[in-house]
Every structure is written in structure tokens, then in C-alpha cells.
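Student: Here it is: the structure, laid out below.
In our numbering, the protein residues as written are 249 to 684.
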């Protein structure tokens with residue numbers, strides 16, 4: 249039940265996804281303030297009210313592919329797939345039909361540091377949704393026949409990603425950039441590691457990582473947030489699982505690399521990357537703005553203008569910012585003809601150096617801030633993203649961060665703030681991977 253865009257969030261997202269996914273204002277959806285509560289077992293719950301006729305609910309755990317045991321790359325993602333394959337109370341078919349029979353949906357995705365299990369349903373089915381997710385989180389039993397079948401599904405998913413060079417270049421860049429660290433390996437895992445994964449492995453991962461203190465549950469519904477909170481408490485308060493100490497090792501900086509992998513493709517897919525800040529750093533807002541200015545979703549982004557509109561050198565170009573709990577990576581991707589790679593890469597470096605060498609005028613800088621704040625407001629209209637954000641914000645930052653807070657942080661930036669982070673990129677230099 250993995251979805252590609254969510255699955256590769258850590259490596260493929262543009263800055264708008266990360267920004268909107270972390271800082272939407274739940275209070276913009278409805279004047280009723282969200283409720284936050286920690287259950288006696290240590291699980292945090294956040295509920296809010298929205299308009300419309302749809303309920304959004306989910307469980308987010310602060311463990312992803314980074315928690316894969318040695319030699320079992322892809323286990324977190326495999327758990328995401330197989331958690332739906334039955335509990336002592338329900339068969340796999342009954343799990344999949346539980347929400348679909350009322351017009352809802354049940355799904356999940358995995359990133360390098362998180363797994364999200366989520367559902368949508370018509371209003372009135374809040375208890376049905378919460379009870380199902382609680383049953384899966386606590387009781388999923390990973391029967392071997394179902395696990396074996398799902399292994400084939402994931403195997404094909406690995407093939408699909410490897411065959412798509414625009415996806416593969418991000419994954420393979422991470423393998424080089426984070427070499428020797430648990431962040432390096434592909435979220436999906438590899439054919440040989442997948443072949444060795446068992447239902448027992450999946451259950452062990454669930455027991456270690458889906459613990460109350462490591463999770464946040466959320467519900468966004470047209471009903472009173474207090475009623476939603478009671479539903480969530482009733483369904484999740486009984487979860488009792490021993491907390492496990494987790495120790496993430498911060499990646500060691502790697503020497504710059506410039507590698508070409510020739511696979512006979514007609515197009516060259518290129519990622520250029522440099523270190524960035526961690527997700528709780530005060531510098532992250534300046535990084536967001538730099539990323540948006542260089543290769544954000546707008547057609548007037550600097551790299552789109554320089555590489556595509558003025559010169560017609562690339563099919564596409566975008567920048568992304570993946571911020572993790574203890575580190576980050578800033579990346580620029582472009583697709584072009586193989587013979588144009590060096591010229592494009594040189595223009596990318598020049599554009600970064602231009603921002604690192606000279607302060608923007610106040611007028612130009614204000615335009616950039618106005619644009620990103622407008623994008624943030626437009627993005628906050630997505631109800632499902634708003635719902636997920638309640639959990640993400642509480643899990644990552646320990647509090648709810650809203651649009652107003654983010655806008656204030658962005659508006660408080662001065663030209664020298666972006667110049668400083670641009671200098672960090674320019675000083676560090678870009679590593680580069682080309683798949684063609």
C-alpha cells in the first residue's frame with residue numbers, strides 16, 4: 249500500500265512538499281483550536297476540527313528505514329506493506345475492506361525516519377477508523393503466506409524504481425553521500441535483503457518501533473475535537489509495549505564525489521548535493537527560502553529561468569531539501585542531454601555562488617518571501633496534509649507549528665540570512681551523480 253511520492257519523500261520531495269508538510273496551520277481550517285494530549289501509556293494524540301464531510305486519521309511513528317537492522321535493508325518499508333495482512337481478529341481481506349466498504353481508504357508510506365499509517369472516511373466513522381488502526385499497530389501478525397506474496401510485490405516495486413533513472417539517481421546519490429551510515433541504503437531495500445525478510449522480522453520491527461512513546465496519533469474531523477480525542481483515547485490507551493532506546497549515529501561527512509553511471513539511457517539524470525541543517529535548526533527557514541528561490545515549484549525559480557527558459561538546456565530542474573533529525577541534505581536535480589551535463593552543472597554552481605557573493609536587494613528579497621508565504625497558504629488548503637501535519641509537527645518538534653508562526657519566521661529573514669546558507673553550499677561544494 250505504499251505510494252511512490254510519499255515513499256520517496258526524503259529524497260524526492262521539492263521544498264514545497266517539505267514546507268507545507270511541516271507547517272500548515274490547522275487553525276486556518278476551523279477556528280476551534282486543536283487538542284493535544286499524552287495518554288497514560290505515553291502515546292501523544294492530537295485532534296482538530298475541519299469543515300466538510302471527511303475524517304482523516306492516522307498514526308505516525310518516529311522510525312523508518314534508518315531503523316532497519318544490519319543486513320535487513322528494506323524491513324521498515326516491508327512492515328508498511330505487510331502490516332495490513334491480518335490480525336487475530338481480521339484477515340487481510342477484512343482489513344482492506346474495513347474502510348473501503350464505507351467509501352474510505354487505508355494506506356501507509358515509509359520515509360527514512362518515519363512510517364505513516366493513515367485513513368480517510370466519511371464523517372461518522374471515526375471510531376471505525378481509529379479502532380482498525382489500533383488493531384493493526386498492536387496486533388498485526390504477518391502470516392507467512394501473506395508475507396511471501398507481498399515480497400513479490402515489493403520486489404517488483406524495487407525493479408520499477410531502479411528502471412526509472414529519475415528516481416534511482418536520488419537513491420544512489422544517498423548511498424554515496426551517506427556512505428557507512430544507516431541513511432545510505434534504499435528505503436525499499438534490495439533484492440537480496442528482501443529475500444531474507446520474514447514475518448518474524450516484521451513483527452520484531454513492530455514491537456521495537458511502534459511503541460507508545462515513539463508514536464503520535466491524529467484525527468481531523470468535522471466533529472468536536474474533544475469527541476475525537478475520546479475516540480482515540482479509547483482505542484489507543486490499551487497499547488502497552490516496552491520502550492526501546494534508539495541511538496542514531498550522525499553521518500560522517502564524505503569526500504566530494506563526481507560519478508557517472510552509464511546505463512545506455514538517452515537522457516542524463518543528474519543530482520548535485522551538499523550538506524544542509526537538521527530539521528530543528530533555526531537556520532531551516534533560510535534553507536527553505538534558498539531552496540525555493542533556486543528550484544522551487546514556481547516557473548520563475550532561478551534555475552528554471554537560467555537552465556530551461558533562457559537556454560533550453562534541461563527538460564526539468566528542481567531543488568529539494570531533506571531535513572533529518574541530526575543532519576540534512578540540499579539537492580538539485582536536472583534532466584538533460586548527456587553532452588550538456590557539464591554546462592548545466594557549471595551554471596548551477598554559478599547561480600549558487602551569485603547568491604553567496606552578493607546580497608539581494610531588499611525589493612527582490614521581499615518578492616521571494618511573499619512568493620513562498622503565498623505557496624504556503626495555497627498548500628494549506630489540502631485537508632489530508634493538514635491532518636498529517638498535526639502528527640508530524642508534534643512528533644518532530646514537540647508542538648504544533650502553524651502558518652502564522654512560519655510566516656513570521658520567513659518574514660523575519662534578511663538578505664544576509666540567505667547569503668550565509670548559500671555560502672555554506674558554495675564553500676562545501678557539490679557532489680554530483682549522473683545516471684545516463
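The beta carbon of each residue, even a glycine, is placed where N, CA and C say it ideally should be.
(1) Taking C-beta to C-beta, are residue 499 and residue 575 nearer than 8 Å?
(2) Cβ atoms of residue 295 and residue 473: under 8 Å apart, would you say?
(3) Given a threshold of 16 other Cβ atoms within 10 Å of its Cβ, counted over all protein chains shown, does residue 443 qualify as buried or as exposed?
(4) Which word fits residue 440, buried or exposed, when buried means at least 16 other C-beta atoms lie within 10 angstroms of its C-beta?
(5) In the DSSP assignment, find the unbroken beta strand (DSSP E) run with residue 680 in it and report its ends.
(6) Using a Cβ-Cβ cutoff of less than 7 Å, which residues in the same chain neighbour residue 558 once the five nearest sequence positions on both sides are dropped?
(7) Suppose you measure from the CA of residue 594 to the CA of residue 543; what does that come to, to the nearest Å?
(8) Run the CB neighbour count on residue 318, radius 10 Å, all protein chains shown included, and call it buried at 16 or more, exposed below.
(9) Looking at residue 284: is its Cβ nearer than 8 Å to the Cβ of residue 297?
(10) Under three-state DSSP, which class holds residue 278?
(11) Specify the secondary structure class of residue 523 as computed by DSSP and reduced to three states.
(12) Measure the C-alpha to C-alpha separation of residue 531 and residue 671 and round it to an integer number of angstroms.
(13) Look up residue 686 in the DSSP assignment and give the residues it is bridged to.
(14) Looking at the structure shown, is residue 371 part of a helix, part of a strand, or coil, going by DSSP?
(15) Using only the alpha-carbon positions, how far apart do residue 257 and residue 359 sit?
(16) Would you kindly check if the distance between the Cβ of residue 436 and the Cβ of residue 687 is under 8 Å?
(17) For residue 506, tell me which candidate among 512, 521, 346, 368 has the shortest Cα-Cα distance.
(18) Specify the secondary structure class of residue 305 as computed by DSSP and reduced to three states.
(19) Between residue 619 and residue 551, what straight-line distance do the alpha-carbon atoms span, to the nearest angstrom?
(20) Assuming residue 509 is part of the alpha helix (DSSP H), what are its boundary residues?
(21) Output needed for residue 511: all residues of its chain with C-beta closer than 8 Å, excluding positions within five of it in sequence on either side, in chain order.
(22) Evaluate the contact criterion for the stretch 338-349 versus the stretch 451-467: three or more CB pairs, one atom per stretch, below 8 Å.
(23) Going by Cα to Cα distance, which pick from 369, 641, 653 is closest to residue 347?
(24) Assuming residue 417 and residue 681 make a contact with CB atoms under 8 Å, what is their CB distance in whole Å?
Tutor: Considering the structure as presented:
(1) Numbered from 1 along the chain shown, position 251 holds the residue referred to as residue 499. Numbered from 1 along the chain shown, position 327 holds the residue referred to as residue 575. In contact: residue 499 and residue 575 (Cβ atoms closer than 8 Å).
(2) Locating residue 473 in the chain shown gives position 225, counting from the first residue. Locating residue 295 in the chain shown gives position 47, counting from the first residue. Yes.
(3) Within the chain shown, numbered from 1, the residue matching residue 443 stands at position 195. The residue in question, residue 443, is exposed, as its Cβ has fewer than 16 Cβ neighbours within 10 Å.
(4) Reading the chain shown from its first residue, position 192 is the one you call residue 440. Looking at its Cβ environment, which holds fewer than 16 other Cβ atoms inside 10 Å, residue 440 is exposed.
(5) Against the chain shown, residue 680 aligns to sequence position 432. Counting along the chain, the beta strand (DSSP E) containing residue 680 begins and ends at 679-683.
(6) Taking the chain shown and counting its residues from 1, one reaches residue 558 at position 310. Excluding sequence neighbours, residue 558 sits near nothing in its chain.
(7) By one-based count along the chain shown, residue 594 stands at place 346. By one-based count along the chain shown, residue 543 stands at place 295. The alpha-carbon atoms of residue 594 and residue 543 are separated by roughly 15 Å.
(8) The residue given as residue 318 occupies position 70 in the chain shown. When all chains shown are included, residue 318 counts as exposed.
(9) Counting from 1 along the chain shown, the entry for residue 284 is found at position 36. Counting from 1 along the chain shown, the entry for residue 297 is found at position 49. Contact check for residue 284 against residue 297 fails: the beta carbons are separated by 8 Å or more.
(10) The residue labelled residue 278 in the question sits at position 30 within the chain shown. In this predicted model, residue 278 has a pLDDT of only 41, less than 50, meaning its place in the structure is not dependable enough to derive any value.
(11) Walking along the chain shown from the start, residue 523 turns up at place 275. Collapsing the DSSP output to three states places residue 523 in a strand.
(12) Position 283 of the chain shown holds residue 531. Position 423 of the chain shown holds residue 671. Distance between the alpha carbons of residue 531 and residue 671: 13 Å.
(13) The requested residue 686 is not part of the displayed model; the chain covers only 249 to 684.
(14) Counting from 1 along the chain shown, the entry for residue 371 is found at position 123. In the displayed model, residue 371 falls within coil according to three-state DSSP, outside both helix and strand.
(15) If you number the chain shown from 1, residue 257 lands on position 9. If you number the chain shown from 1, residue 359 lands on position 111. Unreliable positioning characterises residue 257 in this predicted model, as indicated by a pLDDT of 34, which lies under 50. The coordinate reading is nonetheless provided below. The straight-line gap from Cα to Cα measures roughly 6 Å.
(16) This structure cannot settle anything about residue 687, because the visible part of the chain is limited to 249 through 684.
(17) Taking the chain shown and counting its residues from 1, the one referred to as residue 506 is at position 258. Nearest option by C-alpha distance: 521.
(18) Along the chain shown, one-based indexing puts residue 305 at 57. Residue 305: strand per DSSP, three-state reduction.
(19) Within the chain shown, numbered from 1, the residue matching residue 619 stands at position 371. Within the chain shown, numbered from 1, the residue matching residue 551 stands at position 303. The straight-line gap from Cα to Cα measures roughly 16 Å.
(20) Here residue 509 refers to the residue found at position 261 when the chain shown is read from its first residue. Unbroken run through residue 509 is the beta strand (DSSP E), 506-509; no alpha helix (DSSP H).
(21) The count along the chain shown starts at 1 and reaches residue 511 at position 263. Counting only Cβ-Cβ distances below 8 Å, and skipping sequence neighbours, we find 413, 683, 684.
(22) no
(23) By one-based count along the chain shown, residue 347 stands at place 99. The shortest C-alpha separation from residue 347 is found at 369.
(24) Position 169 of the chain shown holds residue 417. Position 433 of the chain shown holds residue 681. Residue 417 to residue 681, Cβ: 6 Å. Contact.
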